[in-house]
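In what follows, a structure is listed as structure tokens, so that the remarks can point back to it.
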Amino acid sequence: MPELDDLSGPFRPDIRFEDFSRDFLLKLIPVWQYAWLYMTEAWYDAVKDRFGSQAADECETQTWVRIGGRVNPRYAKVANLQLNTVVDSLKALQLPLDNPTPGKHILVDYDIKSPNHVVMTVTQCSSLKYFEAKQPERINWVCHVGEKQVLEKYLVNPKIKVTPLKLPPRKSKDEIACQWELKLEE
Amino acid sequence: VAELDDYSGPFKPDLRLEDLSKDFLIKLIREYQWAWVIMADSWYYAVKTRFGREAANQCELESWCQVAEKVNPYYAKLANIQLTDAVSCVKAMQLPLDSQLAYIPSTWELKSNNHIILTVQRCQALEFFEREDPERIQWMCHVVEAEAGRKYLIRPDIKFTPLKLPPRESKDEIACQWEIKLEE
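Protein sequence lines, in the order shown, are assigned to chains U and E. Position one of the first sequence corresponds to residue 1470 (the working numbering), numbered consecutively onward. Position one of the second sequence corresponds to residue 12 (the working numbering), numbered consecutively onward.
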């Protein structure tokens, strides 16, 4: 049976992802990425409306840290990653729905000084742009408190030391969003 | 460049999903489905721990409905689905991460293009609630699922009526059953 490029044909009750073409799956994933970010924002707003920003910030960080701990090791497993070095863990960073490349939510440059010492520069971050435009008061918590904890989980290797080198707020949109040193002591 | 079946090779700073094989994408998608559930669950328990179950329930309902309303019409657009009848709306229900596609095995009885019986045979969320948090069943299955399910159908004139809902007496029973109907 030919692979489906859309669902304009008859209803198929037993349809599976395998029935879709690769191109169609690649179109679906950005919508799931959008849903992923929209879901956390919907929760954030629901909590903030009832209990204030501090409560929403704390719940959000707890949520992302839990996701990073429970879900992200599974990406490493399905991708057959051996997590021996910092560079190995960069690969694990590229696979979640909120990853640094495919959906262009976050664009990243990597300065690989050695397999266990990397400087990661986030050149574009759609979350930061949103906060700068709509909710600048969120920048401090998300970028200074939450992001480090989440990044540590997303790297999947707890031995990697994560150190911020530059964080928002920034003076101009031409500046980078943030910069991190990732180091595994050998 | 050959499509990647896994990512055991060298680090590619410019990796895109387009570089991955279909098989690898499908493996990742199954993990995305898991991640989707864990996100909602993590928010729920973060709120419940601080502010109690009622607060968590209300935030959960609001979030699921907002997401469905905002995001789900994109699935129909992307998949070129004309939402002319109930069965076409059911196709749109097959595309979200928490769809019946693999994650929630279901059967569909098509009585007509505008009258369908959806039977959820197995529901991992229900099994988790039965095991870990049976108090969540009432709210999730009777309130959230009914409200969010309507939004997932995209067309507001389609009726989404529960025929059988948990709790159930045995794990051999179905998880739930719904009638989907558009008055002609």
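Idealized CB from N, CA, C, for every residue including glycine.
Closest in C-alpha terms to D96/E, from the list V48/E, K122/E, L89/E, comes K122/E. For C76/E, same chain residues with a beta-carbon under 7 Å away, outside a window of 5 residues either side, are E158, A159, K162 in chain order. Under the DSSP assignment, T1509/U falls in the alpha helix (DSSP H) whose first and last residues are 1491–1520.
Under the DSSP assignment, T60/E falls outside any beta strand (DSSP E), being part of the alpha helix (DSSP H) whose first and last residues are 33–62. The Cβ-Cβ distance between A1548/U and Y1623/U does not fall below 9 Å. According to DSSP, S117/E shares a beta bridge with V131/E. In this chain, V12/E is not harboured by any beta strand (DSSP E), its DSSP state being neither H nor E.
In this structure, the CA atom of L129/E is about 34 Å from the CA atom of L31/E.
For a Cβ distance threshold of 7 Å, nothing in chain E lies close to W1649/U: the least Cβ distance comes to about 15 Å. Its chain contains L1636 as the residues whose beta carbon lies nearer than 7 Å to that of H1613/U, once the 5 sequence neighbours on both sides are disregarded; these appear in chain order. By the Cβ neighbour-count rule, D34/E is exposed, with fewer than 16 other Cβ atoms within 10 Å of its own. Closest option to P1565/U, judged by alpha-carbon separation, among K1546/U, L1476/U, T1554/U: K1546/U.
A straight line joining the alpha-carbon of P1633/U with that of S1583/U spans about 18 Å.
Sixteen is the threshold: since fewer than 16 other Cβ atoms of the shown chains lie within 10 Å of the Cβ of V12/E, the residue is exposed. Taking the Cα of E143/E as reference, the smallest distance to any Cα among Y18/E, L174/E, D52/E, E184/E is reached at D52/E. Taking a Cβ-Cβ cut-off of 8 Å, the neighbours of T118/E in chain U comprise P1482, given in sequence order.
The beta carbon of I92/E sits closer than 6 Å to those of S99, K102, A103, all from its chain and outside the five residues before and after it, given in chain order. Residues of chain E whose Cβ lies closer than 8 Å to the Cβ of R1519/U are, in chain order, F62, A66, Q69, C70.
Residue pairing by DSSP places F171/E opposite I191/E in a beta bridge.
The beta-carbon separation of V58/E and V1516/U, rounded to 6 Å, stays under the 8 Å limit for a contact. Here T1509/U is buried. Its C-beta has 16 or more other C-beta atoms within 10 Å. Within chain U, R1535, I1536, R1539, V1540 have C-beta atoms less than 8 Å from the C-beta of I49/E, given in sequence order. Under the three-pair Cβ rule at 8 Å, the stretch 1603–1613 of chain U does not count as touching the stretch 1573–1582 of chain U. Sequence-distant Cβ neighbours of C134/E in its own chain, meaning closer than 6 Å and more than five residues away, are I115, A186. Residue pairing by DSSP puts T1632/U in a beta bridge opposite E1650/U. If you look at C1612/U, you'll find it isn't in any beta strand (DSSP E); DSSP assigns it neither H nor E. Distances from the CA of R1491/U to each of Y1507/U, F1480/U, D1474/U, P1479/U were compared; the closest alpha carbon is that of D1474/U. In this model, E73/E and G1615/U are separated by some 24 Å (Cα to Cα).
Between the stretch 61–70 of chain E and the stretch 36–53 of chain E there are fewer than three inter-stretch CB-CB distances shorter than 8 Å, so the stretches are not counted as touching. S1583/U: not part of any alpha helix (DSSP H); member of the beta strand (DSSP E) spanning 1575–1583, first to last residue. Between the C-alpha atoms of R1485/U and W119/E there is a straight-line separation of about 14 Å. C-alpha of E14/E to C-alpha of A1524/U: approximately 44 Å in a straight line.
DSSP places M1589/U in the strand class (E or B) of the three-state scheme. By the criterion of a C-beta distance shorter than 7 Å, V1534/U is surrounded in its chain by Q1618, V1619, K1622, once the five residues flanking it on both sides are discounted. Using beta-carbon distances, Q149/E does not count as an interface residue toward chain U, since no partner is under 9 Å. Looking at the backbone, the Cα of G1478/U and that of E42/E are separated by about 28 Å.
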